[in-house]
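Residue numbers (our numbering): 18 to 470.
C-beta: ideal position from N, C-alpha, C; glycine also.
If you're wondering where the values come from, they're calculated on a predicted model, not measured in any experiment.
What follows is one structure encoded as structure tokens, with my remarks underneath.
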């Protein structure tokens, strides 16, 4: 391992929609910013508080989902108001002076973060009742805008920022590539898609695109400086969700998108590969993708898709998900007809490592370099190693590479100078166990070394 970093951003840099210094506040101020998906933040920097500070989402009718900090009682909490009914969803007393407070919504879960001079930490979190307020519904979300202010007196708010939520960590990193498997570059930069860990389980995460300068790896002693350039959300079945864990492939003048339906995951419903093709510039900005389910060649669930055109055929690696109580999953490979333009058309199952039960993150790569053979690389959480298969899904052995915690995906990237690296993640959680599983993701960089001649 040559580099480790922890991407963590409350308000996503480059996607700040509101930045104001309101000063003295008495009552609520509604902005014009309505988030494009229920993954948003309203952050306030507090001055001399003499009242209850509020920050969150408020509608014109007064319905709201807000964080509050009562300066007198030192209580921090989450409040929901719909119609004439107001409910405190969660609250607790926080010791010490709160210097900053952030209201965060990730899917159906609001969380209040506080900073008492040592960085952000979660104060309270909890789900809101969807029967009263469903921010996954586009029409409902459009009623609400970012708001801040005070109640019961005057408060001093030195700074307010609002925008899209960034990430608590990153995982499921997958290189953005051309159809033939070569990395896609723009102005000397390469790109990765990654799951932006939310403040909770899989439904609290969403998908993002990140750029990096490969020369930075040498300058930063192996650490990878990632700049988020895009946020990707999904609209399906009438809901706005944060599907993630997939791949972007550039094929001519179009983007091929494959993604996993984690955005509304429930064990009884399972998870499935979804797709869309678009000419929009998915490497920049905010995009809401209208996806459809891919008929993968399996009777089970499927996720972690990755596709590459090899010798005139689309090969698609994916995970077959047998079930989630308990979780049982293994890597599989499918192939399309020769000359077929559509990567998801006519797929037939090549094979699967069905003897493995905690093995995911399949990646199509050439670990021996651009002239080497194509392999399916996967991560075996039981054996704690990266396994390798050929394009018939016959086992070939394993990668000689350090294996960390969780089930890190073996994303091999060929850099412009010919160097090969693995970019992956680990299971280190933000805030330990104070939030649900799903906040993990240090970014790990490993560099390939050649054996002595």
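Judged by DSSP in its simplified three-state form, residue 220 adopts helix. Between residue 396 and residue 419, the gap from beta carbon to beta carbon reaches 7 Å or more. Judged by their CB atoms, residue 341 and residue 256 are not nearer to each other than the 7 Å cut-off.
Around the Cβ of residue 145, a 10 Å sphere holds 16 or more other Cβ atoms; the residue is buried. Considering only 270, 124, 73, 91, the residue with the shortest C-alpha distance to residue 67 is 91. A Cβ-Cβ separation of about 5 Å places residue 213 in contact with residue 225 under the 8 Å criterion.
Excluding the 5 residues flanking it on each side, residue 454 has same chain C-beta neighbours closer than 7 Å at 218, in chain order.
The DSSP assignment places no complete alpha helix (DSSP H) segment of no fewer than 4 residues inside the stretch 319-364. Residue 365 and residue 47 have their C-alpha atoms some 53 Å from each other.
Judged by beta-carbon spacing, residue 296 lies beyond the 7 Å limit of residue 288, meaning their Cβ atoms are not closer than that value. Between residue 393 and residue 410 the beta-carbon gap is near 7 Å, inside 8 Å, which marks them as a contact. Relative to residue 355, the option among 330, 369, 70, 334 whose CA is nearest is 330. Its Cα nearest to that of residue 261, the residue 248 stands out among 133, 240, 248, 270.
Residue environment analysis places residue 105 among the exposed positions, since fewer than 16 neighbouring C-beta atoms fall within 10 angstroms of its C-beta.
A straight-line Cα-Cα distance of about 22 Å links residue 155 and residue 165.
Of 348, 259, 337, the smallest CA-CA separation from residue 126 is found for 259.
DSSP places residue 308 outside any beta strand (DSSP E), giving it a letter other than H or E. Beta-bridge partners of residue 184 (DSSP): 26. Cα atoms of residue 28 and residue 183: separation of roughly 5 Å, rounded to the nearest angstrom.
Residue burial annotation: residue 24 is buried, with at least 16 other C-beta atoms found within 10 angstroms of its C-beta. Of all alpha-carbon atoms in 221, 308, 40, the one lying nearest the alpha-carbon of residue 252 is that of 308.
A residue is called buried when at least 16 other Cβ atoms come within 10 angstroms of its Cβ; residue 53 meets this threshold and is buried. A Cβ-Cβ distance of about 29 Å is found for the pair residue 324 and residue 19, leaving them out of contact under the 8 Å criterion. When 318, 352, 306, 335 are compared, the shortest CA-CA separation from residue 328 is found for 352. Note on geometry: alpha-carbon atoms of residue 95 and residue 175 lie some 21 Å from one another.
DSSP, reduced to helix, strand and coil, places residue 225 within a strand of the structure shown. A distance below 7 Å separates the beta carbons of residue 120 and residue 73.
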